[in-house]
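These notes are about the structure you will find just below.
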Amino acid sequence: DVRHGPILYMEDVTVSFDGFKAIDNLNLTIDDGELRCIIGPNGAGKTTMMDIITGKTRPDTGKVWFGSRHDLLTMNEPEIARLGIGRKFQKPTVFEALTVFENLELAMSADKRVLPTLTARMNGAMRDRIDEVLEMTGLVAQRRQLAGILSHGQKQWLEIGMLLMQRPRLLLVDEPVAGMTEQEMERTAELLTGLAGKQSVVVVEHDMGFVRSIARKVTVLHQGSVLAEGSMDQVQGDPRVIEVYLGE
Ligand code: ADP
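Following this line, the structure appears as structure tokens:
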């Protein structure tokens, strides 16, 4: 059962593009309910790592397991998504001509598993979940607003909300605070730290102040493998990490 082990286990993963190792013997374990930040200079392999977890990129060698039961390397992208791995890309892709409520409704209906069993009871459960997600994302007052007129931060939260409709077990989030105001960053920190525990969250982020505000444990990627791992203080004081960032 995934509740008792790591939610994600990657062992000796390597991926080459035309002979260049974008991921080079990567070992990474994410515990169930953990909020982990992944940092690293440009080209470190952060995006490729996320692509491997979601099945978009197939590694040449290594192991990638979700919980103790699911070998992700035997599964395709839709199958992996259906296991409960959600990914939020940097740019929000909400449906601008629909309301916040309708966006969340659509995010739930897109789940093929519920379509054949849509009953009045299911609709009730769906409305309850939408209310919950509106609460979690701080968008209660915006439920009837068109997504197109939301602020940049609100669009990002709505898209996280759309992922939450499916109750993912692992959420992968790419640069959530890029372009956000200080206040929006604080709100995003609350949202992501509030999610951890209920689900596991992996955040790739460049803003060190933000990483410090949310992460208990940080993984530094460099040249496709883990350079350092620990608290923000530990990794920022690591001479190898300092060297890599100064050299950027
Ligand atoms: P990051 O997200 O940390 O900036 P990436 O995972 O995007 O790093 O890239 C890691 C390395 O792999 C980079 O040197 C990049 O140029 C290379 N790379 C990524 N994807 C491809 C691809 N599809 N083809 C060739 N090279 C790639």
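So the sequence shown is residues 25 to 272, counted in UniProt numbering. Ideal Cβ placement from N, Cα and C applies to all residues, glycine included.
Q. Can you name, in chain order, every residue of its own chain whose Cβ lies under 6 Å from the Cβ of aspartate 25, other than the five neighbours on each side?
A. By 1-based counting over the sequence shown, the position of residue 25 is 1. Here the model assigns aspartate 25 a pLDDT of 38, short of 50, so the residue's position is not dependable, and the following value carries that caveat. Correct list: empty, nothing qualifies.
Q) Curious, which full-length beta strand (DSSP E) runs of at least 3 residues does the region 33 to 61 contain? A) If you keep only unbroken beta strand (DSSP E) runs of at least 3 residues inside the region 33 to 61, you get 44 to 55.
Q: Determine the contact status of proline 83 and threonine 38, defining contact as a CB-CB distance below 8 Å.
A: Indexing the sequence shown from 1 puts residue 83 at position 59. Indexing the sequence shown from 1 puts residue 38 at position 14. Cβ atoms of proline 83 and threonine 38: closer than 8 Å.
Q.
So, at 8 Å on beta carbons, what are the nonlocal neighbours of isoleucine 238 in its own chain, with the 5 sequence-adjacent residues on each side left out?
A. Residue 238 sits at position 214 when you count from the first residue of the sequence shown. Excluding residues within five positions, the ones whose Cβ falls inside 8 Å are Leu59, Cys61, Ala213, Leu216, Thr217, Val227.
Q | Identity of the residue in Gly110, Ile76, Lys112, Arg111 nearest aspartate 95 by Cα | A | Here residue 95 is taken as the residue at index 71 of the sequence shown, counted from 1. Considering only alpha carbons, the answer is Ile76.
Q: Name, in chain order, the residues that DSSP records as bridge partners for histidine 246.
A: Looking up residue 246 in the sequence shown gives position 222. Ser249.
Q: Just tell me which of Tyr269, Val197, Thr243 has its CA closest to the CA of glutamine 258.
A: Residue mapping note: residue 258 aligns to position 234 of the sequence shown, counting from 1. Closest option to glutamine 258, judged by alpha-carbon separation, among Tyr269, Val197, Thr243: Thr243.
Q: Grab the span of the alpha helix (DSSP H) containing glycine 233 for me, first residue to last.
A: Here residue 233 refers to the residue found at position 209 of the sequence shown. Its alpha helix (DSSP H) spans residues 232 to 238.
Q: Flag lysine 70 as yes when its Cβ comes closer than 7 Å to any non-hydrogen atom of the ligand GTP, and as no otherwise.
A: You won't find the ligand GTP in this model; what it holds is the ligand ADP.
(Q) Beta-carbon within less than 6 Å of arginine 168's beta-carbon, same chain only, minus the 5 sequence neighbours each way: which residues are those? (A) For the purposes of this step, residue 168 is taken as the residue at position 144 of the sequence shown. The residues are Thr123.
Q) Is the CB of valine 259 under 8 Å away from at least one CB in chain D? A) Reference to chain D is not applicable here, since this structure consists of a single protein chain.
Q.
If contact is defined by three or more beta carbon pairs under 8 Å, each pair taking one atom from either stretch, is the region 100 to 114 in contact with the region 176 to 196?
A. Touching, per the Cβ criterion.
Q) alpha helix (DSSP H) containing threonine 217: first to last residue? A) What you label residue 217 is simply residue 193 of the sequence shown in a count that begins at 1. Its alpha helix (DSSP H) spans residues 206 to 219.
Q. Excluding the five sequence neighbours on either side, which residues of its own chain have a C-beta within less than 7 Å of the C-beta of isoleucine 266, listed in chain order?
A. Taking the sequence shown and counting its residues from 1, the one referred to as residue 266 is at position 242. Cβ within range, chain order: n/a, list empty.
Q. Run through DSSP, which three-state label would valine 268 get?
A. Your numbering for residue 268 matches position 244 in the sequence shown. Helix.
Q: Please name the residue or residues paired with glycine 254 in a DSSP beta bridge.
A: Along the sequence shown, read from residue 1 onward, the residue named residue 254 stands at position 230. DSSP, once it has assigned bridges, lists Val242 as partnering glycine 254.
Q: Using three-state DSSP, classify serine 175 as helix, strand or coil.
A: Locating residue 175 in the sequence shown gives position 151, where the first residue counts as 1. Serine 175 carries a coil assignment under DSSP once its states are collapsed to helix, strand and coil.
Q: Pick out whichever of Leu187, Glu156, Asn49, Ile173 has its Cα sitting closest to the Cα of glycine 69.
A: The residue labelled residue 69 in the question sits at position 45 within the sequence shown. Out of Leu187, Glu156, Asn49, Ile173, the CA that lies nearest to the CA of glycine 69 is found in Asn49.
Q. Should arginine 211 go down as buried or exposed, given a rule of 16 or more other Cβ atoms within 10 Å for buried?
A. As a working mapping, residue 211 is identified with position 187 in the sequence shown. Its Cβ being crowded by 16 or more others within 10 Å, arginine 211 is buried.
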